[in-house]
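Colleague: Going letter by letter, the sequence shown gives residues 1 to 391 in the numbering used here.
Where a beta carbon is used, it is the ideal one built from N, C-alpha and C, also for glycine.
The structure follows.
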Amino acid sequence: MTSLDVRSRFPGLSDGWVRFDGPAGTLPVDTSVDAIADYMRSPKPANLGGEFAATKASDEVVATARATVARFLGAEANQVVFGPSTTNLMFAFTRALSRHWEPGDRIVCTQLDHDSNVSPWLLAARDVGATVEFLEVDPIDGTLDVEPLKDLCADGRTRWVAISGASNLTGHAPDLARATAIAHEMGARILVDGVARVPHLPTNVAELGVDVLSTSPYKWYGPHAGVLVVRDNLLREVEPYRVRPADYDGPPRWETGTPQIELLAGITAAAEFMMETPLDMEAERETRLLARLQEGLHEISGVTVHAPSVTPDRAPTVIFTVAGHSPEEVDRYLASRKIAVWHGDNYACELIDALGLRSTGGAVRAGIVRYTTADDVDALLAALGELTSGK
Ligand SMILES: Cc1ncc(COP(=O)(O)O)c(C=O)c1O
1 MTSLDVRSRF PGLSDGWVRF DGPAGTLPVD TSVDAIADYM RSPKPANLGG EFAATKASDE
61 VVATARATVA RFLGAEANQV VFGPSTTNLM FAFTRALSRH WEPGDRIVCT QLDHDSNVSP
121 WLLAARDVGA TVEFLEVDPI DGTLDVEPLK DLCADGRTRW VAISGASNLT GHAPDLARAT
181 AIAHEMGARI LVDGVARVPH LPTNVAELGV DVLSTSPYKW YGPHAGVLVV RDNLLREVEP
241 YRVRPADYDG PPRWETGTPQ IELLAGITAA AEFMMETPLD MEAERETRLL ARLQEGLHEI
301 SGVTVHAPSV TPDRAPTVIF TVAGHSPEEV DRYLASRKIA VWHGDNYACE LIDALGLRST
361 GGAVRAGIVR YTTADDVDAL LAALGELTSG K
């Protein structure tokens, strides 16, 4: 399927805007929209776990979502936990984990991460007197070397390493296999924030061997929701905060309250869409477009790119600043041209600080996704060219 065919699958593109806001959330694919509406229009809506036809049909919707997401991520269905957002799940998960920590225990976070994989750890650690250390990025291009993890974990008190699967600002994807090997060797568990990674880079939980992976289906053409893939023994070992009757084994005891069953129907369709085109083929196309974008940005006088060079193992997201214009002004200017980007720190607080971009109001972010075309890239570059030349 060419990118032009793919575009016909996204009803949200009908207003003519050029969308580079994918890292903050993609448009939903048609089959995901239909699956949600179909469930809601059908006789299926009912709560879970009963004996009549509708409740059984709804149970089936949940089971199918778990199985499909598991297939997509190389996991087992009984490792897939759904929630309203990744951040929400992270707070619930870390709060439950911290009941097993002691004062002086250590958590390692990184300067690369979105705050969804930082604040939940900081607050959970604070509550029990554990400490949080940060693995630092290179201040020039924001890349993260995972080798120093060895020293950070050397005293054997590190319980968890919380690391980004790919940056939501620079697209940089650290060496997860190595980070996982070091964490495990040092007796720590590892949680990977896969939110900015899963839409672009092959991510197989079993092959990576990580303990937990987070991902948000609204970043891969599905509805607004969050997912944690948690290795089965952890789901059993860790006692979540939950209501007393919900004494089930496996994921449901982590899913407090009634899940958004209609959204799970949409998540199934989005995961199937992701599996329709092999990720490596799509990644090649996205990398080509990223190269076109990043090279074009380098050529515009006054534009500075704050990201590593373009390589296939990176997510196709880039940040830049424009001399003489704040990121907010650039964002507003592009919006006046019907081009959607984001600006600021996009919740990657430590990374913006490390790159020295806090005082300038962060940076402008543009991301390539499945419906991005070369014409979109050229439109963004042309608009920036006009802004900087004062046309
Ligand atoms: C890298 C990354 N991690 C985590 C999150 C938080 O995801 P959610 O909005 O599902 O809480 C985001 C959201 O933008 C993100 O980009």
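Given 6 Å as the limit, tell me if Asp211 has its C-beta closer than that to any heavy atom belonging to ligand 1.
Modeller: no
Colleague: Using DSSP bridges, identify the partner residues of Phe320.
Modeller: In DSSP, Phe320 forms a bridge with Val305 and Val364.
Colleague: With 7 Å as the threshold, decide whether the Cβ of His200 is near any Cβ in chain B.
Modeller: Of the chains in the structure shown, none is chain B; there is only one protein chain.
Colleague: Pull every residue with its beta-carbon under 5 Å away from any heavy atom of ligand 1, and keep them in chain order.
Modeller: Ser85, Thr86, Thr87, His114, Ser116, Asn168, Asp193, Val195, Ala196, Ser216 and Gly226
Colleague: Indicate the three-state DSSP secondary structure (helix, strand or coil) for Arg159 in the structure shown.
Modeller: strand
Colleague: Taking the continuous alpha helix (DSSP H) assigned at Ile182, which residues delimit it?
Modeller: Leu176 to Glu185
Colleague: Just tell me which of Gly257, Asn117, Ser309 and Gly156 has its CA closest to the CA of Asn47.
Modeller: Gly257
Colleague: Comparing alpha-carbon positions, which option in Met90, Ala35 and His114 lies nearest Asp353?
Modeller: His114
Colleague: Am I right that Thr268 and Thr64 are in contact with their C-beta atoms under 8 Å? What's the rounded C-beta distance?
Modeller: 5 Å
Colleague: Which residue marks the beginning of the alpha helix (DSSP H) containing Ser58, and which one marks its end?
Modeller: Where Ser58 is concerned, the enclosing alpha helix (DSSP H) stretches over Ala53 to Leu73.
Colleague: Let me check one thing: in DSSP terms, what residues is His343 bridge-paired to?
Modeller: Bridge partners of His343: Val364.
Colleague: Compare the C-alpha of Pro211 against each of Leu279, Ala179 and Asp141 and name the closest.
Modeller: In the sequence on display, residue 211 carries Asp and not Pro. Cα-wise, what sits closest to Asp211 is Ala179.
Colleague: Using only the alpha-carbon positions, how far apart do Gly104 and Leu208 sit?
Modeller: 29 Å
Colleague: What residue does the alpha helix (DSSP H) around Asp232 start on, and which one ends it?
Modeller: Asp232 to Glu237
Colleague: Is the beta carbon of Met274 sitting closer than 7 Å to the one on Trp220?
Modeller: yes
Colleague: Would Asn168 be called buried (16 or more neighbouring beta carbons within 10 Å of its own) or exposed?
Modeller: Buried, by the Cβ-count rule.
Colleague: Taking only three categories from DSSP, how would you classify Cys109?
Modeller: strand
Colleague: Do you know whose CA, among Thr311, Thr360 and Pro312, lies nearest Thr321's CA?
Modeller: Thr360
Colleague: What residue does the alpha helix (DSSP H) around Asp376 start on, and which one ends it?
Modeller: Ala374 to Ser389
Colleague: Among the residues of its own chain, which have a CB less than 7 Å from the CB of Ala75, if the five just before and after it don't count?
Modeller: Counting only Cβ-Cβ distances below 7 Å, and skipping sequence neighbours, we find Val205, Ala206 and Val229.
Colleague: Please confirm if the segment 174–189 is in contact with the segment 295–312, defined as three or more CB-CB distances below 8 Å between the two stretches.
Modeller: A contact is defined here as three or more CB-CB pairs under 8 Å, and the segment 174–189 fails this definition with respect to the segment 295–312.
Colleague: Since Arg189 sits in a beta bridge, which residues does DSSP pair it with?
Modeller: Trp160
Colleague: Given that a residue counts as buried once 16 or more other Cβ atoms are within 10 Å of its Cβ, and exposed if not, what is Tyr218?
Modeller: Buried, by the Cβ-count rule.
Colleague: Please classify Arg9 as buried or exposed, where buried requires at least 16 neighbouring CB atoms within 10 angstroms.
Modeller: buried
Colleague: Please report the straight-line C-alpha distance between Ile107 and Gly302, rounded to a whole angstrom.
Modeller: 40 Å
Colleague: State yes or no: is the C-beta of Thr158 within less than 7 Å of the C-beta of Val369?
Modeller: Result no, Cβ atoms of Thr158 and Val369 do not sit closer than 7 Å.
Colleague: State yes or no: is the C-beta of Tyr248 nearer than 6 Å to some heavy atom of ligand 3?
Modeller: Although ligand 3 was asked about, the structure shown includes only ligand 1 as ligands.
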